[in-house]
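**Student:** In this note's numbering, the protein residues as written are 164 to 511.
Virtual Cβ for every residue (Gly too), placed ideally from N, Cα, C.
Quick one: the structure is below, questions incoming.
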């Protein structure tokens, strides 16, 4: 893609999210989300591959549906209450509609089925943008309307953690596994949203860091399925020994960074006298952990057969920058000791 066009599209992507962040009026927030969607569509379709075009079309249709629903709900809210302000959501009907529209935007269960299909059709760089940056604007809106609809958010959260764990079990394609991982993580964030928005923010930030490092590892290895992971030891032995740790951090095992948000969320749910919800969330985390362990096993403990019908993995120097990978990997593996400092900051 022409660098000038790419720069314009990325600027539009950033501007759309920033407008949504800065808005207190529903129309402006909707406009930011639309700019965001329209800016990423050419980036998604730039490969001109049928799979990429199909993924772009699916993405456009779901995002357009969610945006129309959001606009309709905000108009209904203005009609019922005379308010366009985001933080003045008092009527339960528009609040429920907007929550479901934003759930469709980010891919929460039960409106999640577009996400694995779309992510599978994209290259890893665009998939990374879709899994990280595109979640920020809808989350900013969810955080602003959080006080109402407690039962709906808990149902969405539990369903997402369950579907995210269950759906990834039988997958061999890494992008689909990462999509289901994304659904499960978003479920954890939504589960705690109404009780502790600062914890949701912490979970979102750790998710962004861990997903960033995972995508960069797969991009460096040029891996798109489990079989190509099994030959990565020949290309990058040091990185291959670190990657299982990154995946286990995504699964939420101590003493890695991914354990911190899960631990704090379960603690908060117990404090709110929701032990059943906390138990169910912890059990669904085991499902996710299973497929991360599968990836770790394929990467670190198996020798791949030599007749792979793929590109021969020559150990050529990669053109990809390794500094972002080094920084995010360090953060993914080593932030757990900072938990007391982080919790002190959250309670300020």
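Classify residue 192: buried if its beta carbon has 16 or more other beta carbons within 10 angstroms, exposed otherwise.
**Tutor:** Buried is the call here.
**Student:** Would you report the Cα separation of residue 245 and residue 333, rounded to the nearest angstrom?
**Tutor:** Near 49 Å, if we compare the C-alpha coordinates of residue 333 and residue 245.
**Student:** Excluding the 5 residues flanking residue 433 on each side, which residues of the same chain have their C-beta closer than 6 Å to its C-beta?
**Tutor:** These residues qualify, in order along the chain: 441.
**Student:** Would you call the region 338 to 345 and the region 270 to 285 in contact, with 3 or more CB pairs under 8 Å?
**Tutor:** Taking 8 Å as the limit for Cβ pairs, the verdict is that the region 270 to 285 does touch the region 338 to 345.
**Student:** In angstroms, rounded to a whole number, what distance separates the CA positions of residue 535 and residue 223?
**Tutor:** This structure gives no information on residue 535, because the portion of the chain shown stretches from 164 to 511.
**Student:** What separation, rounded to the nearest whole angstrom, lies between the Cα atoms of residue 282 and residue 261?
**Tutor:** Distance between the alpha carbons of residue 282 and residue 261 is about 24 Å.
**Student:** Just to confirm the assignment: which complete alpha helix (DSSP H) runs, minimum length 4, are found wholly within the region 317 to 401?
**Tutor:** As far as the region 317 to 401 is concerned, its whole alpha helix (DSSP H) runs of at least 4 residues are 337 to 355, 360 to 384, 389 to 392 and 395 to 398.
**Student:** Residues bridged to residue 212 by DSSP?
**Tutor:** Answer by DSSP bridge pairing: none, since residue 212 is not bridged.
**Student:** If you draw a straight line from the alpha carbon of residue 287 to that of residue 359, how long is it in whole angstroms?
**Tutor:** Going by the C-alpha atoms only, they are around 32 Å apart.
**Student:** Hey, how far is the Cα of residue 166 from the Cα of residue 209?
**Tutor:** The alpha-carbon atoms of residue 166 and residue 209 are separated by roughly 12 Å.
**Student:** Tell me which same chain residues have a C-beta within less than 7 Å of the C-beta of residue 411, skipping the five on either side of it?
**Tutor:** Excluding sequence neighbours, residue 411 sits near 419, 455 and 459.
**Student:** Cβ of residue 428 within 8 Å of Cβ of residue 366?
**Tutor:** Yes, Cβ-Cβ distance for residue 428 and residue 366 is below 8 Å.
**Student:** To the nearest angstrom, report how far apart residue 233 and residue 202 are at their CA atoms.
**Tutor:** Residue 233 and residue 202: Cα-Cα distance of roughly 19 Å.
**Student:** Residue 353 and residue 395 look like a contact to me (Cβ under 8 Å); what is the Cβ gap, rounded to whole Å?
**Tutor:** With 8 Å as the limit, residue 353 and residue 395 do not qualify as a contact, their Cβ atoms being about 34 Å apart.
**Student:** If you follow the alpha helix (DSSP H) that residue 435 is part of, which residue opens it and which one closes it?
**Tutor:** Where residue 435 is concerned, there is no enclosing alpha helix (DSSP H), given that its DSSP letter is neither H nor E.
**Student:** Looking only at C-alpha atoms, which of 368, 363, 338 and 196 sits nearest to residue 378?
**Tutor:** Residue 378 has its Cα closest to that of 338, out of 368, 363, 338 and 196.
**Student:** Within a Cβ cutoff of 6 Å, which residues of the same chain sit near residue 237, ignoring the five residues on either side of it in sequence?
**Tutor:** Excluding sequence neighbours, residue 237 sits near 189.
**Student:** Drop a sphere of 10 angstroms on the beta-carbon of residue 373, count the other beta-carbons inside from all chains shown, and report buried for 16 or more, exposed for fewer.
**Tutor:** The residue is buried, with at least 16 neighbouring Cβ atoms inside 10 Å.
**Student:** Would residue 200 and residue 226 be called neighbours here (beta carbons separated by less than 8 Å)?
**Tutor:** Contact: yes.
**Student:** If we call anything under 8 Å between Cβ atoms a contact, is residue 303 one with residue 183?
**Tutor:** In this structure, residue 183 lies closer than 8 Å to residue 303 by Cβ.
**Student:** Run the CB neighbour count on residue 214, radius 10 Å, all protein chains shown included, and call it buried at 16 or more, exposed below.
**Tutor:** So residue 214 counts as exposed.
**Student:** Looking at residue 219 and the ligand ZN, is the gap between the Cβ and the nearest heavy atom below 7 Å?
**Tutor:** Looking for the ligand ZN in the displayed structure turns up nothing, as the structure carries no ligands at all.
**Student:** What number of angstroms, rounded off, separates the C-alpha of residue 230 from the C-alpha of residue 195?
**Tutor:** Each residue's Cα considered, the two are about 10 Å apart.
**Student:** What number of angstroms, rounded off, separates the C-alpha of residue 252 from the C-alpha of residue 503?
**Tutor:** Roughly 34 Å separates the two Cα atoms.
**Student:** For the alpha helix (DSSP H) that contains residue 177, what are its first and last residues?
**Tutor:** Element bounds for residue 177: 166 to 185.
**Student:** Using beta-carbon positions only, say whether residue 413 and residue 422 come within less than 8 Å of one another.
**Tutor:** No, the Cβ-Cβ distance between residue 413 and residue 422 is not below 8 Å.
**Student:** Sort 424, 280, 169 and 321 by Cα distance to residue 499 and report the nearest one.
**Tutor:** Comparing Cα-Cα distances from residue 499 to each of 424, 280, 169 and 321, the minimum goes to 424.
**Student:** Within its chain, find whatever has a CB closer than 8 Å to the CB of residue 168; leave out the 5 residues flanking it on each side and keep chain order.
**Tutor:** The residues are 205.
**Student:** Which value, in whole angstroms, describes the spacing of the CA atoms of residue 387 and residue 256?
**Tutor:** Each residue's alpha carbon lies about 42 Å from the other.
**Student:** If I measure Cβ to Cβ from residue 294 and keep anything under 8 Å in the same chain, skipping five residues before and after, which residues do I get?
**Tutor:** So the qualifying residues of the chain are 282, 341, 342, 345, 374 and 378.
**Student:** Considering Cα atoms alone, identify which of 389, 505 and 489 is closest to residue 462.
**Tutor:** Answer by Cα proximity: 389.
**Student:** Thinking residue 300 and residue 179 are a contact (beta carbons under 8 Å), I'd like their distance in whole angstroms, please.
**Tutor:** Between residue 179 and residue 300 the Cβ distance is about 7 Å, and since that is below 8 Å, they are a contact.
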